[in-house]
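The sequence shown: position 11 = 11 (our numbering), numbered continuously. We treat Cβ as the ideally placed atom computed from N, Cα and C, and that holds for glycine. This structure is a prediction, so every number in the text was calculated from the model and none was measured. Only one structure is covered here, and it is reproduced in the block below.
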Amino acid sequence: MDKRGFLRTLEAILAVVIVFLFIYYVGRGGSDEDARYVQGIRSLQESILDEISKNDDFRECIVSADVNKFNEDAEKFDANNCIDQPRDNCAEEIDCYIEGSLPPRYRDKYKFTICDPKDLGRCTIPSISGAKEVYTSAVVISSSLNDVKYGPRILRMWLY
């Protein structure tokens, strides 16, 4: 039996096994971290939206607001001034609530809008520039059972 041929074959098999193990562990490790990151963002968004949907004042405001005016007010309000500046409308109140609920790294990287479920074609992503990844979550908000007006709205939040 030729010892040199046997050793070279064994070396080649070992090299292939090492390469496959490296690819397996490197490929598997990144997806677990990404999945945890995405799950953390989803959990954060859902907890904020859940708290908004439980607040009677926020719900009443969202249901009774004009969709276009609400979204314009939310877009132009600078939530960094929540403490110093009096708030004129409920879009600003909700913006300040979201701003206060987010970790510092997301405070300038979020948007939110409301949409009428009957007009979903106009419910699009707001202008977000320079974002590589955008995460969204939504909740349907309706009036309380005691209220005569039903007008449900979709409150959607984007983190980027």
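Contact under 9 Å by Cβ, residue i with residue j
i              : j              : result
valine 134     : isoleucine 141 : no
leucine 21     : tyrosine 106   : no
glutamate 60   : serine 101     : no
methionine 157 : leucine 14     : no
isoleucine 114 : alanine 65     : yes
valine 63      : glycine 130    : no
cysteine 90    : aspartate 57   : yes
leucine 155    : lysine 109     : no
valine 67      : arginine 153   : yes
7 Å Cβ shell around residue i - same chain, five flanking residues per side excluded
i             : result
aspartate 119 : none
serine 137    : Arg42, Gln45, Glu46, Leu49 and Met157
lysine 111    : Pro126, Ile128 and Trp158
aspartate 73  : Asn89, Ala91 and Glu92
DSSP three-state assignment for residue i, whether helix, strand or coil
i              : result
alanine 138    : strand
lysine 3       : helix
lysine 111     : strand
isoleucine 154 : strand
aspartate 116  : coil
proline 104    : helix
isoleucine 128 : coil
cysteine 96    : helix
cysteine 123   : coil
Residues that DSSP places opposite residue i in a beta bridge
i           : result
leucine 159 : Tyr110 and Tyr135
Beta-carbon proximity list for residue i, same chain, < 6 Å, skipping 5 on both sides
i                : result
glutamine 53     : The question names glutamine, but residue 53 is serine in the sequence shown. Cβ neighbours of serine 53 beyond the five flanking positions: Val139 and Ile141.
phenylalanine 77 : Glu92 and Asp95
cysteine 162     : This structure cannot settle anything about residue 162, because the visible part of the chain is limited to 1 through 160.
Task: Start-end ranges of the beta strand (DSSP E) lying completely within the region 7-88, minimum 3 residues - done: The region 7-88 contains no whole beta strand (DSSP E) run of 3 or more residues.
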